[in-house]
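Residue numbers (our numbering), protein chains in the order written: chain A, 1 to 213; chain B, 214 to 435.
Ideal Cβ positions, reconstructed from N, Cα and C, are used throughout, including at glycine.
Here the structure is a predicted model, which is why all the values come from computation and not from measurement.
Scroll down for the structure; my scribbles are underneath it.
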């Protein structure tokens, strides 16, 4: 495998990173909305978001990408593979992050909310200033764990036809007939992205576990 | 927008899709079994007195957990023939699922074994229980109870990731739906229906796991 092939993989890597960042940020914003709706105390809203989460957690990411990809075209929105895959991964991330953050919001002791209410704080201030700062801290290890899942999940965009790292690997491997080398290198590149995050997540978990005592 | 949904190809393909569900179940069940075997073996090796063995297990777990399943399945698909093992895509997919699920199972089972305090075992022996009884009643059952929720949700994830085995054209639901899609061009209809199939599959699995748990792990201990 020559220099040109490796550079092609790096271009793929760039798109994997871009896809992960877009899906994580957009999915994070939508996920916050899901988490807040899920803990809103309004029965209808809670039930709808619970169903939303159950659907995304109960079906394969690959199918979600297919349905979004062809579904968007169906309702007349013309999108290239990049945009369609970003939307698909964003929806996926919003459901998972919504569920993780629901758990963390509920893990903040009730007394905190009650005290905030007693101090006459309104919902927005109660969430923004009291509950969410604590919930974010609790959720960090799981959030980072999901980010690793998401980075790995972007590889499925290759099946839909978007040229990110894995598809770049497929293309190169078909050209030079060295699949073991190519997918080995592709694997190493994913590992270099994910492993530092995994280590950081484990570190945070240990830190919080000891400070909880 | 003047597209009308047409589910005829899906209805025509229904027998094929239902048969393919069994393909998915086959991949999932054998994948889970292999993952459990690798998980238990890995935990035993992880406690080996030999440092290189321990490090090899840790390395295996971290490599698998930090790379995409799709890349793993491609790698295994091309590496097995080089190692002299010629297999069809479906057994290859089972091996890949087992290896991937096994790495997660190692971490989960290890956590369960560690959650049993040593004093509990000593107390069992002091009460005159036989060593085998101590292992079965005092170590295995509580450890299984502790890991059951995370292990089974990992198994549901494994079941969902069988769809990725379509990339090497193993026989399962996604690859069959791709065939129906490319014959009929009714992409949305096909994938929407198959997504609903997966939802039912994962729901059924969660129900089975929950029933099993209620039967064997409920308090009071039988």
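- Message: According to DSSP, is residue 379(B) part of a helix, a strand, or is it coil?
- Response: Looking at residue 379(B) - three-state DSSP - the assignment turns out to be helix.
- Message: I'd like the span of the alpha helix (DSSP H) that includes residue 391(B), first residue to last.
- Response: First-last of the alpha helix (DSSP H) with residue 391(B): 386-397.
- Message: Three or more C-beta pairs under 8 Å: does that hold for the region 71-78 of chain A against the region 41-53 of chain A?
- Response: Segments in contact, no.
- residue 277(B) - containing alpha helix (DSSP H), residue span: Its alpha helix (DSSP H) spans residues 264-278.
- Message: Applying the 10 Å Cβ sphere with the 16-neighbour rule, what's the burial state of residue 15(A)?
- Response: With 16 or more other Cβ atoms inside 10 Å of its own Cβ, residue 15(A) counts as buried.
- Message: According to DSSP, simplified to helix, strand and coil, what is residue 205(A)?
- Response: For residue 205(A), the three-state secondary structure derived from DSSP is helix.
- Is it the case that the Cβ atoms of residue 237(B) and residue 375(B) are separated by a distance below 9 Å? Result yes, Cβ atoms of residue 237(B) and residue 375(B) sit closer than 9 Å.
- Please determine, among 106(A), 138(A), 151(A) and 57(A), the residue with the shortest C-alpha to C-alpha distance to residue 25(A). Scanning 106(A), 138(A), 151(A) and 57(A) for the CA closest to the CA of residue 25(A) turns up 151(A).
- Could you pull out every residue in the same chain whose Cβ sits closer than 8 Å to the Cβ of residue 204(A), ignoring the five residues on either side in sequence? 140, 141 and 144.
- Item | Where the alpha helix (DSSP H) containing residue 164(A) begins and where it ends | Where residue 164(A) is concerned, there is no enclosing alpha helix (DSSP H), given that its DSSP letter is neither H nor E.
- Query: Is there contact here, the region 215-234 of chain B with the region 387-404 of chain B, by at least three beta-carbon pairs under 8 Å?
  - Reply: Cβ pair count under 8 Å is three or more, so yes.
- For residue 295(B), go through chain A and note every residue whose CB falls closer than 8 Å to its CB, in chain order. Per Cβ cutoff of 8 Å: 180.
- residue 120(A) by DSSP, collapsed to three states: which one? DSSP places residue 120(A) in coil when its eight states are reduced to three.
- Give a yes or no on whether the minimum CB-CB distance between residue 435(B) and chain A is below 9 Å. For residue 435(B), the predicted structure reports a pLDDT of 48, less than 50, and the residue's modelled location is therefore unreliable. A value from the coordinates is still provided. With respect to chain A, the C-beta atom of residue 435(B) has no partner C-beta closer than 9 Å.
- Message: Could you check whether residue 288(B) and residue 28(A) sit closer than 9 Å to each other, using their CB atoms as the reference points?
- Response: No, they are not a contact pair.
- Query: So does the region 102-111 of chain A actually touch the region 132-139 of chain A, counting three or more Cβ pairs closer than 8 Å?
  - Reply: Segment contact: the region 102-111 of chain A against the region 132-139 of chain A, three or more CB-CB distances shorter than 8 Å; contact assigned.
- For the alpha helix (DSSP H) that residue 92(A) lies in, which residues bound it at each end? For residue 92(A), the enclosing alpha helix (DSSP H) covers residues 81-107.
- Item | Touching by the beta-carbon criterion (3+ pairs, under 8 Å), the region 318-337 of chain B and the region 349-358 of chain B | As far as the Cβ criterion goes, the region 318-337 of chain B touches the region 349-358 of chain B, which means the pair count is three or higher.
- Task: Report the three-state DSSP secondary structure of residue 214(A) (helix, strand or coil).
- Result: Residue numbering for chain A in the displayed model covers 1 to 213; residue 214(A) lies beyond these limits and cannot be assessed.
- Is it buried or exposed for residue 64(A), if we count other Cβ within 10 angstroms and need 16 for buried? Counting C-beta atoms within 10 angstroms of its own C-beta, residue 64(A) has 16 or more neighbours from the protein chains shown and is therefore classed as buried.
- residue 360(B) and residue 315(B) closer than 9 Å at C-beta: Against a cut-off of 9 Å, the Cβ pair of residue 315(B) and residue 360(B) comes out as no contact.
- If you draw a straight line from the C-alpha of residue 18(A) to the C-alpha of residue 163(A), how long is it? The alpha-carbon of residue 18(A) is positioned some 12 Å away from that of residue 163(A).
- Message: Tell me the DSSP secondary structure of residue 4(A) in three-state form.
- Response: Three-state DSSP puts residue 4(A) in a helix.
- Taking a cut of 7 Å between CB atoms, which residues from the region 67-78 of chain A lie near chain B? Residues 67, 70, 71, 74, 75 and 76.
- Message: Just to make sure I have the definition right: I need the residues of chain A whose C-beta is within less than 7 Å of the C-beta of residue 380(B). Which are they?
- Response: Under the 7 Å cutoff, chain A gives 159.
- Task: Drop a sphere of 10 angstroms on the beta-carbon of residue 217(B), count the other beta-carbons inside from all chains shown, and report buried for 16 or more, exposed for fewer.
- Result: Sixteen is the threshold: since fewer than 16 other Cβ atoms of the shown chains lie within 10 Å of the Cβ of residue 217(B), the residue is exposed.
- Any non-hydrogen atom of the ligand FMN closer than 8 Å to residue 58(A) Cβ: Although the ligand FMN was asked about, the structure shown includes no ligands whatsoever.
- Between the region 48-63 of chain A and chain B, which residues of the former have a C-beta closer than 7 Å to a C-beta of the latter? Contacts with chain B (Cβ-Cβ distance below 7 Å) from the region 48-63 of chain A involve 55, 58, 59, 60, 62 and 63, listed in chain order.
- Could you list which residues in chain B have their beta carbon closer than 7 Å to that of residue 155(A), in chain order? Per Cβ cutoff of 7 Å: 281, 283 and 284.
- Message: Counting C-beta neighbours from all protein chains within 10 Å, is the total for residue 343(B) 16 or more, i.e. buried, or is it exposed?
- Response: If you draw a 10 Å sphere on the C-beta of residue 343(B), you find fewer than 16 other C-beta atoms in it, and that means exposed.
- Task: Locate the alpha helix (DSSP H) running through residue 300(B), then write down its first and last residues.
- Result: Where residue 300(B) is concerned, there is no enclosing alpha helix (DSSP H), given that its DSSP letter is neither H nor E.
- Item | Reduced DSSP category for residue 432(B) - H, G, I as helix; E, B as strand; rest coil | Coil at residue 432(B), not helix or strand.
- Roughly how many angstroms separate the alpha carbons of residue 96(A) and residue 345(B), rounded to a whole number? Answer to the nearest angstrom: the Cα atoms are 42 Å apart.
- For residue 328(B), which of helix, strand or coil comes out of DSSP? In the structure shown, residue 328(B) falls within a coil segment according to DSSP collapsed to helix, strand and coil.
- Which same chain residues, not among the five before or five after residue 172(A), have their C-beta less than 8 Å away from its C-beta? Excluding positions up to five away in sequence, the list reads 1, 5, 8, 9 and 182.
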